[in-house]
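First residue of the sequence shown: 7, per full-length UniProt numbering; consecutive thereafter.
Ideal Cβ placement from N, Cα and C applies to all residues, glycine included.
Worksheet: one structure, shown below.
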Amino acid sequence: PGTEKPRLLDDEEGGVLFFTTSSSGGGYANLERQRQRLPVFKYRTAILYSVETRATTIVVGETGSGKTTQIPQYLKEAGWADGGRLIACTQPRRLAVQSVAARVAEEMGVRLGEEVGYTIRFEDATTQGVTMIKFLTDGVLLREMMDDPLLTKYSVIMVDEAHERSISTDILLGLLKKIQRRRPELRLVISSATIQAKSMADFFQTSKRRRRQEEEELGPIMEPAILSVEGRGFNVQIHYVEEPVADYLRAAVSTVLSIHDKEPMGDILVFLTGQDDIDAAVQLLTEETQNRRKNSSGLMVLPLYSGLPRADQELVFTPTPRGKRKVVISTNIAETSITLEGVVYVVDSGFSKQRFYNPISDIENLVVAPISKASARQRTGRAGRVRPGKCYRLYTEEYFVKEMSAEGIPEIQRSNLVSCVIQLKALGIDNILGFDWPASPSSEAMVRALEVLYSLGVLDDDAKLTSPTGFQVAEFPLDPMISKMILSSGELGCSEEIITIAAVLSVQSIWVSGWGSQKELDEAKLNFAAAEGDHVSFLNVYKAFLQSGKSSQWCHKNFVNYQAMKKVIEIREQLRRTARRLGIDLKSCERDTVVVRKAITYGFFANACHSEASSHDGKYKTIRGSQEVYIHPSSVLFRVNPKWVVYHSLVSTEKQYMRNVISIDPSWLTEAAPHFYQKQRPNPMLH
Ligand code: ADP
Ligand code: MG
């Protein structure tokens with residue numbers, strides 16, 4: 007295996023990472039030696055013994071100690087994948103799933119997709135009967151439970167990155183606890199980078215009486231074991247800023263430049279928040295490098311975020327060429343999910359993008375928000391992997407000590423619960439408030455979710471899934487609002503168009519960013535702009551792409567992301583298959599955009615907004631919560647400001663911006679969701 011050429015799997019958006027064998031220092035024997043040097047190796051026997059004898063094993067260990075890449079291999083070596091059984095390892099992030107699966111396949115000297123495979127939404131790289139270790143997102147594993155509620159094909163499920171407390175991880179933990187009662191032979195490994203292990207252990211604790219009873223039957227010991235892997239991190243010196251910084255982006259850029267000027271060689275990892283500020287920082291640094299050629303040559307500036315084209319992901323993982331210094335500018339994906347070798351300096355902005363949901367206004371969005379102390383410590387730790395390092399915190403020490411919260415809030419307590427509720431309902435869990443959660447969601451958010459699902463026609467008066475609508479909506483691996491939009495399109499005779507729109511909304515962006523100027527991109531977009539709004543513009547792009555013969559040159563010329571469009575075509579096919587299976591009429595409405603917009607409204611009525619007649623500043627109010635929102639500058643309706651719109655999602659920077667907006671007729675709202683809107687309207691009897 008050591009001499010094998012690097013392989014590419016099919017080249018898709020956010021596709022598979024691949025590693026040249028040289029990237030890990032030459033050959034299989036070397037990789038084997040590297041494996042044995044990882045801290046987790048010393049615990050191999052202890053871990054296997056615990057998994058053998060206990061239902062649940064909790065492994066805590068510093069990031070980079072080998073939990074993710076090694077434990078599944080140990081389990082396989084110990085026979086847990088014999089007899090056609092599978093070992094699963096879940097991750098909260100898609101990019102991490104692909105990257106660790108590729109790494110493990112390489113370590114085992116097998117082709118990715120065979121003995122070691124992975125599954126993320128809309129992409130399955132496993133081979134039935136061959137795959138032994140399967141990496142997957144926790145969301146995908148939840149979906150698998152709809153067909154196989156007891157997850158019978160798995161012998162061991164490793165729930166990785168449990169400290170992140172993603173919403174799917176929490177739901178999964180609650181369900182796995184239930185499954186274990188029915189299937190004591192199922193083993194769980196829960197792994198986490200920080201010590202919240204005790205509360206996790208308490209969660210998996212069963213009552214004493216039950217435990218004795220089960221143990222008498224010679225089942226596994228139900229009490230979880232906690233194994234703590236000693237890291238071998240080096241000391242990291244922490245530097246704070248003296249005064250709060252006004253602009254963390256510029257501060258990050260100048261910190262990188264000053265490290266490069268003053269400090270010995272070693273790569274730099276910068277934590278910013280998302281694609282926008284990362285791209286901006288990359289550009290600033292690249293400009294600096296060109297201006298000050300003398301000093302800054304030798305700086306390789308690379309972005310890292312999910313949705314990054316595959317070629318760029320590769321660069322991040324390849325070793326830094328001699329005489330160069332790599333600067334990776336990342337979201338918090340590099341905090342614990344993936345490990346970059348060679349990092350000696352960390353620059354921590356103190357922020358990350360986090361999801362926040364307000365049940366009163368019923369608004370959920372991604373907000374740039376301060377991280378917790380736990381996150382800050384993780385970020386710092388990334389600098390001590392290869393030798394003593396330095397971490398530059400772009401906030402003051404006083405702020406860290408006095409103001410930063412100790413831990414983050416579990417995502418389930420700051421999310422819209424619509425998807426979560428429908429999934430549990432589809433799994434037959436009716437008493438959702440009584441569900442055994444690792445952390446309980448708020449009852450306001452729960453009530454809101456039930457209300458939306460009721461209005462979508464997904465739940466009935468008894469809060470049970472309706473038949474067929476509820477079951478059909480749950481069947482699509484999509485946000486229930488998008489699924490409902492597809493179902494309605496069947497009745498309205500525009501399912502071909504709506505499925506295209508659903509596919510486009512499922513990829514990161516169909517536009518390229520990062521080359522050419524914003525102005526050129528805006529002009530290119532105008533070629534496809536439709537007066538009705540963004541969704542109809544997507545249809546124009548899709549149609550033109552097909553007419554070009556799916557040409558990559560055409561994409562290049564029009565600032566369209568070729569990989570994303572190929573992915574759209576693939577997702578579209580998958581959705582059409584599901585639609586056909588559910589008996590939805592596949593039909594095109596040709597150019598009738600009224601029915602298309604109606605179908606969108608049938609799914610997204612809860613996101614309706616209205617602008618005051620007098621308002622020319624693009625200000626809208628949400629109809630439900632009277633929140634102030636604006637059309638995002640990237641929308642074709644920016645400055646057009648139709649009176650009534652529905653949006654697909656909100657992003658918030660200094661204002662709340664609606665992304666992907668379409669104009670509607672307000673009468674469609676009451677048609678789509680009488681219950682939902684009648685409650686809102688003032689009662690005429692009171693006047
Ligand atoms: P943990 O899950 O405990 O954070 P991992 O199993 O992800 O640790 O990583 C263990 C080691 O494997 C890392 O220290 C790194 O050296 C190596 N490694 C992991 N992923 C990759 C990769 N994509 N490319 C090269 N090396 C990797
Ligand atoms: Mg890991």
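Cβ-Cβ distances below 6 angstroms link Glu120 to Thr133, Val136 in the same chain, with the five nearest sequence neighbours on each side left out; the list follows chain order.
Residues of the same chain with a CB within less than 7 angstroms of the CB of Leu498, apart from the 5 flanking positions on each side, are Val601, Lys604, Ala605 in chain order.
For Met206, the secondary structure class from DSSP, reduced to helix, strand or coil, is helix. The C-beta of Pro680 has fewer than 16 other C-beta atoms within 10 Å across all chains shown, which makes the residue exposed. Here the distance from the Cβ of Asp166 to the nearest heavy atom of ligand 2 is below 7 angstroms.
Ser105 and Ser449 have their alpha carbons spaced roughly 37 angstroms apart. Comparing alpha-carbon positions, the option among Thr279, Asp267, Gly329, Glu404 lying closest to Glu248 turns out to be Glu404. In this structure, ligand 2 has a non-hydrogen atom nearer than 7 angstroms to the beta-carbon of Thr74. In the structure shown, the three-state DSSP call for Lys470 is coil.
The alpha-carbon of Val235 is positioned some 11 angstroms away from that of Ser198.
Thr62 has Leu194 as its beta-bridge partners, per DSSP. In the three-state reduction of the DSSP assignment, Lys379 falls in the helix class. In the three-state DSSP reduction, Cys561 falls in the helix class (H, G or I). Closest option to Ile505, judged by alpha-carbon separation, among Leu484, Val566, Ser519, Gln514: Leu484. In this structure the region 122–129 does not lie against the region 41–60, because fewer than three pairs of beta carbons, one per stretch, are closer than 8 angstroms.
Buried is the label assigned to Val352, since at least 16 other Cβ atoms lie within 10 Å of its Cβ. Under the DSSP assignment, Ser501 falls in the alpha helix (DSSP H) whose first and last residues are 501–512.
Distance from the C-beta of Arg109 to the nearest heavy atom of ligand 1 is below 7 angstroms. The DSSP-derived three-state label of Trp86 is coil. Ligand 1 has a heavy atom closer than 7 angstroms to the beta-carbon of Ser71. In this model, Thr63 and Lys82 are separated by some 16 angstroms (Cα to Cα). With contacts defined by Cβ atoms closer than 8 angstroms, Leu278 and Ser381 do not form a contacting pair. Around the C-beta of Val453, fewer than 16 other C-beta atoms lie within 10 Å, and the residue is accordingly described as exposed.
Within the region 268–311, the complete alpha helix (DSSP H) segments at least 4 residues long are 281–297, 299–302, listed from N- to C-terminus.
Rounded to the nearest angstrom, the Cβ distance from Gln76 to Val46 is 5 angstroms, consistent with a contact under 8 angstroms.
The beta carbon of Thr51 sits no closer than 7 angstroms to any heavy atom of ligand 1. By a beta-carbon distance limit of 8 angstroms, Ala168 contacts Ile196. Their separation comes to about 5 angstroms. In the DSSP annotation of this structure, the continuous segment of the alpha helix (DSSP H) that includes Gln478 starts and ends at 475–481.
For the 8 angstroms CB-CB criterion, Ser523 and Phe534 do not form a contact.
Residue pairing by DSSP places Arg399 opposite Tyr246, Asp354 in a beta bridge. Residue range 122–126 is occupied by the beta strand (DSSP E) that includes Gly123.
Ranked by Cα distance from Ala389, the options Lys159, Leu430, Gly239, Leu321 are led by Gly239. Within the same chain, Met487, Val652 come within 6 angstroms of Phe610 by CB-CB distance, once the 5 residues on both sides are set aside. In the three-state DSSP reduction, Ser105 falls in the helix class (H, G or I).
Following the DSSP letters along the chain, one finds Trp650 in no alpha helix (DSSP H) but inside the beta strand (DSSP E) bounded by residues 650–658. Boundaries of the beta strand (DSSP E) around Lys625: 625–628.
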